[in-house]
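The structure under discussion appears below in the form of structure tokens.
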Amino acid sequence: MQLQVTNSPFSQEQIELLNRLLPTLTPAQKFWLSGYLAAAESAAAVLDAEAPALLVGGGKPVSKEVTVLYGSQTGNAQKLAEKAGKALKERGFEAKVSSMLDFKPNELKKVETLLIVVSTHGEGDPPDNAVSFYEFLHSKRAPKLNHLRFSVLALGDTSYEHFCQTGKDFDKRLEELGGERFYPRVDCDVDYEEAAAKWLDGVLAELSKGANAEAAPVLSAVAAVPKAEPAVVYSRKNPFPAEVLENINLNGRGSNKETRHLELSLEGSGLKYEPGDALGIFPKNDPELVERIIQEMKWNPEETVTIDKDGEVRSLKEALTSHFEITVLTKALLQKLAPLSKNSELQALVAPGNEVKLKEYAKGRDLLDAFRDFGPWDAAPQQVISILRKMPPRLYSIASSLAAYPDEVHLTIGAVRYESHGRLRKGVCSTFCAERVQIGDTLPVFVQPNPNFKLPKDPSTPIIMIGPGTGVAPFRAFMQEREATGANGKSWLFFGDQHFMTDFLYQTEWLAWLKSGVLTKMDVAFSRDTEKKVYVQHRMLERSKELFGWLEDGAVVYVCGDKQHMARDVHQTLIEIIEKEGGMSREQAEAYLTEMQKQKRYQRDVY
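Residue numbers for the sequence shown, in full-length UniProt numbering: 1 to 607.
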């Protein structure tokens, strides 16, 4: 039937549009559209846009405006904050999601409902884009927040001493300033999805108390609309089995290091990434270590154990190899192991007051050490499996550009090996890739977006890249991208390692980019080739005047690599250069660098 002005409530223009559209729709599309319109109409009736507030516990009116602030180093906290914002909007709230760096601290006085989603970086530090807000909140300039209701989601890693410390600090400080915690803080380990989902559900339930009870059917009506069967989506929860195309050692003969260059196929995955993003790999534990643990405990490697709450079972050997972390001892793990041992030394170690000794013991040791040191044990395999942490993925900066290598992803991985407590220790994923991954094998992978480490949108913007060792990986991706897209901005690389002859990673590529002009300048520092050790920050100081000129011209500075030493030294060197060449005081130089960070002109991918 053709729609007309006389037989419908539409205008002539609307009728012409509808008459062109409707004949092209399939029955399934028409059914979906009818359900969508019905649900939307119901939602509009329930979530009245003119209602100024919702009633929550005790009948207290609360603004429907919710501010969600995130502090994120690798992108996980940002992703969860954006998910929270979307869920709030679907329930009729006015959600504003922002990085802490982009949020004006003085606006906090106007916020009535605040959600904080923040990770902890390194040894209890705030992520880069949370530092200024963290410092403001802990300063004397922080306002009283008696009007504020808040909740905190903290991300962390229990293998670090100061687990979720930044989230704990925010939670405590907001309360000290007078804020009311309307939902308890939740602390998440590296396997954060389930705990984060429970926090969000709890927050939404608390905020929605007193809302119109008819809101629930609206969600059901929308959910009832039939959807097309989705294609397979690969993610952290469902990693893609990527075939290994290449696996070579980048270091020359005689080097103290082993740096692997991996090329993986993403064909058929649908996975996309941008330069600056990371790739997550779920590795396998060293089979020799697994065997030693099983022998030490006199277990049967083929005994069946349950590995998750859904009741999935695996052999003990497979569970310890592929599903659980066995190379890191934490305070929490030792406390859970203590009831399974009759050893008085372990009981004393985990007792209150011995935190320093416990930390000293755990450092550099693994599960095998604990089993050897604190027997006899009265522990069945299932009891131990139930208290182990799930195998966390390892993230590596991507060293390629999709524009240059469609359907591929490249990684630069330094093999970690060291002696500790009389035994050789190995990095789980790095030596897995170096020793046991062959061409043709597959690795379970997913893309981890990093919105805080991105090339400038304007291709003419100059960039300065500082990346010693494997920290050079994302800058290889930057150069490939700029070459493929024809970007005309200047680029300057500072690279360092131990020896020129054996450790100049991707040397031929950098020289080719220098020759073609894709790379404008390169300064290198090989610390073991000279009597006095020279590092990238020394090269920066040697070029301080020119480097400051690039900063004044709007250059974006990128730093990738070790957080505790290199990144800290580079940060101080930048301040020193700005102070000297800009004729500024120390405080002015620090403010200059902070402003660069706010403008996304100082970005770090440090670990």
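C-beta: ideal position from N, C-alpha, C; glycine also.
In the DSSP assignment, what are the bridge partners of P241?
When beta bridges are read from the DSSP output, P241 appears opposite P444.
The beta strand (DSSP E) enclosing H410, as first and last residue numbers
408-414 is the extent of the beta strand (DSSP E) around H410.
Whole-angstrom distance between I464 and L455, CA atom to CA atom:
Spanning the two alpha carbons is a distance of roughly 11 angstroms.
Inter-residue CB distance, V66 and L115 (contact presumed, cutoff 8 angstroms):
Indeed they touch by this definition, with Cβ atoms about 6 angstroms apart.
To the nearest whole angstrom, what separates the beta carbons of S460 and N488, a pair I think is in contact under 8 angstroms?
Their Cβ separation, rounded to whole angstroms, is 5 angstroms, which keeps S460 and N488 in contact under 8 angstroms.
Determine, using beta-carbon pairs with one atom in the segment 523-540 and one in the segment 281-299, whether at least three such pairs fall under 8 angstroms.
no
Whose C-alpha, out of K104, L155, H147, F103, is nearest the C-alpha of K79?
L155
Below 8 angstroms, how does it come out for the segment 395-407 and the segment 465-480: are there three or more Cβ pairs, yes or no?
yes
What residues match up with R253 in a beta bridge as DSSP calls it?
In the DSSP output, where bridge partners are listed per residue, R253 has none listed.
Reference G202; option with closest CA among Y183, W513, V190, S159
Closest by C-alpha distance to G202, out of Y183, W513, V190, S159, is Y183.
Using beta-carbon positions only, say whether Y134 and P126 come within less than 7 angstroms of one another.
The Cβ atoms of Y134 and P126 sit closer than 7 angstroms to each other.
Closest to Q599 by C-alpha separation, out of N129, R20, K89, V118, would be which residue?
N129
According to DSSP, which residues form a beta bridge with N129?
According to DSSP, N129 bridges with nothing at all.
Among the candidates L250, H162, L108, whose CA atom is the shortest distance from the CA of F500?
L250
Going by C-alpha to C-alpha distance, which of R149, Q448, V518, Y70 sits closest to E206?
With distances taken between Cα atoms, E206 lies closest to R149.
Looking at the strands, I want to know which residues DSSP matches up with N247.
Residue pairing for N247: DSSP places it in a beta bridge opposite L262.
Between the Cα of A338 and the Cα atoms of V428, V384, A195, which residue gives the shortest distance?
V384
Secondary structure of F163, DSSP reduced to three states:
coil
Option in V518, L145, L153 with minimal Cα separation from E175
When each option's Cα is compared against that of E175, the closest is L145.
Are the segment 254-262 and the segment 494-514 touching by the rule of at least three beta carbon pairs closer than 8 angstroms?
yes
Do you know whose CA, among R260, T327, E576, lies nearest E434's CA?
Sequence check: residue 434 is Ala here, not Glu. Of R260, T327, E576, the residue nearest in Cα terms is R260.
Nearest to M479 (by Cα), restricted to the options P451, K521, M297, P444:
Out of P451, K521, M297, P444, K521 has the C-alpha closest to the C-alpha of M479.
Where G280 sits in the DSSP three-state scheme
strand
Residues in the same chain with beta-carbon distance under 6 angstroms from T306, minus the five sequence neighbours each way, listed in chain order, please.
Closer than 6 angstroms at the Cβ level, and outside the excluded window around T306, lie V313.
In whole angstroms, what separates the C-alpha of S208 from that of G92?
10 angstroms
Per DSSP, which residues does residue 611 bridge with? Please list them.
Residue 611 cannot be examined here, being either before or after the span of the chain that is shown, 1 to 607.
In whole angstroms, what separates the C-alpha of S315 from that of Y418?
30 angstroms
At which residues does the beta strand (DSSP E) containing R417 begin and terminate?
417-420
So, at 7 angstroms on beta carbons, what are the nonlocal neighbours of G549 in its own chain, with the 5 sequence-adjacent residues on each side left out?
none
In this structure, what does DSSP give as the bridge partners for H147?
Bridge partners of H147: none, in fact.
Identity of the residues DSSP links to K457 by a beta bridge:
Answer is none; K457 lacks a bridge partner.
Cα-Cα separation, E16 to T594:
56 angstroms
Sheet register partners of L320 (DSSP bridge)
For L320, DSSP records no beta bridge to any residue.
May I ask you to list the residues that DSSP assigns as paired with Y602?
In DSSP, Y602 forms a bridge with V557.
Can you tell me which of K545, H421, D441, A415 puts its alpha carbon nearest to the alpha carbon of T431?
A415
Limits of the unbroken alpha helix (DSSP H) element including R568:
568-581
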